[in-house]
Amino acid sequence: MIIDFPLIFESIPKMLMGIGVTFQVLLLSLVLGTALAIVLLLLRISGKWFLAWPSMVYIYIFRGTPILVQIFIIYHGLPGLDFVRESIFWPVFRDPFGCAIVALTLNNGAYISEILRGGVLGVERGLLEAGSALGLSLRQRFLYITTPIAIRLATPAYSNDVISLMKSTALVSTITVVDMTGIARTIVAETYAPYEIFISVAIVYLIITWFIQKAFGALERRMSRHVRQETAT
Amino acid sequence: MEATIGWWDDFFWAGVEVVQVFFVALAGTVAFGLMGAAAKLSNSRIAQKIANAYTIVFRGTPEILILLLIYFGSAITLTAIVNIFDPTVKFVDIPPFWAGSFGISLIVGGYATETFRGAFLGVDPGQIEAARALGISTVKTFFYVRVPAMWRLALPPFGNHMLSVIKDTALISVIGLNELLFVAEQGMAATAEPFPFFIAVGAIYLGFSTIITLTTMALEKHANKHLERVR
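Chains as they are written, first to last, in this note's numbering: chain Y, 1 to 233; chain R, 234 to 464.
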């Protein structure tokens, strides 16, 4: 088995042209997914069953089915319905890129919501009791006590979720979106050199994973700097 | 859902295929997870390095890429080997079932490595010392003291690994296994009504996930039943 190095050097720039699409999918579905997750979380912890229940069902369905199936339902399934084709959202669902964003947002929102809920539940009760003893309203307690602590508690799990979202973006190549994996698959179909191409693109993904881990590591250290100083003295 | 009438036998056999992949891949996951954990906890620097590289690579790259690489990579290697003996052969592959199960085992095994490692370290060293003080042999200590305590710790994350395995089975359709998504694609081509077919696939997977979740809950209850009585 001879490794075709010229092919690798020729292909890497081509595949890197897809990195923009990969990052667009990642960032858009991350931001929209986080927003959706916050809504789901607020419904879930609202204390009213008719708000909490739909949120729980949503999370159960989207965490219980494979993301690839969700992508196919949205890309192949929805255009088969007349009311989708007639709705104002049709330009989104007609476009594979739009479908990819919608699918990853809906899926990721469910996962992030559970992560955020873990953070909220991790906030010490005593702090909230102290807040109420100081006369803070429920809203103030949530905004000034729960939120900052919950964010800090949820950050490690959130960074893992960003990495798994980054890996999920590779699935959009199955619905003709031309991301890095999509380009790699096209090159392999032409050259029939799976080792060279797939391993090089895997290394690119590994580097991105490494960057995400480093960035969140730095963020975590910064957010918990007051805790560290305490233990140092 | 009328469009899917007449397709239920296809869905059934595809579901059986998925269940088979699930059990094969789960066995592989446990095997790779235990090997990885053993390597990480061993005294050998080289084994530790290899295990670290393994978890970094298989947890940091997209699953679909690993499956494509294993399937097409093995196919090109096998074809090249067979061509040495018989140049007329065009294409030899590992069946997608085995390539896919192997790929999923490797991927989820990377996560299971960390779970098993954590569970092994989580067992109270006092219990091991107590067993030694009672004169119980090392092998018996492992199976009667360490493993029962360890699997209680490993169960909740292991339930998640089982869910990952079942959900990753959907990816094998990209390397051409005749599974649920494959049936849905055929149904879409034949009836031009894609929605009911893909919803059916989603519902079947949701059923599988529910069974796994309930099983994990029952197992956790079983593993912790001696603690309940104390409370």
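From the three backbone atoms N, C-alpha and C, an ideal C-beta is built for every residue, glycine too.
Of the residues 142(Y), 83(Y), 129(Y), 155(Y), the one whose Cα lies closest to the Cα of residue 45(Y) is 142(Y).
Here residue 333(R) is near residue 405(R), since their CB atoms are less than 8 Å apart.
In this structure the stretch 168–175 of chain Y touches the stretch 99–118 of chain Y; the number of beta carbon pairs closer than 8 Å is three or more. Fully enclosed alpha helix (DSSP H) runs of no fewer than 4 residues occupy 380–401, 413–424, 427–456 of the stretch 375–456 of chain R, in order along the chain. For residue 305(R), the enclosing alpha helix (DSSP H) has its first and last residue at 296–318. Residue-level contact by beta carbon fails for residue 333(R) and chain Y, as no gap is shorter than 8 Å.
No Cβ-Cβ contact shorter than 8 Å links residue 172(Y) with residue 184(Y). Listed by position along chain R, the residues whose Cβ is nearer than 7 Å to that of residue 66(Y) are 400, 403, 438.
One Cα belongs to residue 378(R), the other to residue 278(R), and the distance between them is close to 27 Å.
Within chain Y, no C-beta atom comes less than 9 Å from the C-beta of residue 390(R); the nearest is roughly 12 Å away.
Neighbours of residue 5(Y) across chain R, judged by C-beta separation under 7 Å, do not exist; the nearest C-beta is about 17 Å away. Under the Cβ distance rule, residue 250(R) does not count among the residues neighbouring chain Y, no pair being separated by less than 8 Å. Interface flag for residue 18(Y) against chain R is unset, since no Cβ pair is found closer than 8 Å. About 7 Å separates the CB atoms of residue 223(Y) and residue 155(Y); that is less than 8 Å, so the two are in contact.
Interface residue (Cβ-Cβ distance to chain Y less than 8 Å): residue 329(R) is not classified as such. Taking 8 Å as the threshold, the shortest C-beta distance from residue 77(Y) to chain R falls below it.
For residue 192(Y), the C-beta contacts it makes with chain R under 9 Å involve 305, 309, in order along the chain. Between the stretch 190–204 of chain Y and the stretch 7–14 of chain Y, the count of C-beta pairs closer than 8 Å reaches three or more; the two stretches touch. Nearest neighbour of residue 389(R) by Cα position, chosen from 341(R), 419(R), 449(R), 401(R), turns out to be 449(R). With its beta carbon at least 8 Å from every one in chain R, residue 14(Y) lies outside the interface. In terms of beta-carbon proximity, residue 167(Y) lines the interface with chain R, with at least one pair separated by less than 8 Å.
Of the residues assessed, residue 240(R) falls on the buried side of the cut-off, its CB having 16 or more other CB atoms within 10 angstroms. Less than 8 Å separates the beta-carbon of residue 111(Y) from that of residue 63(Y). In the three-state reduction of the DSSP assignment, residue 240(R) falls in the coil class. For residue 135(Y), there are no neighbours in chain R by C-beta distance under 7 Å, as the nearest C-beta there is about 37 Å away.
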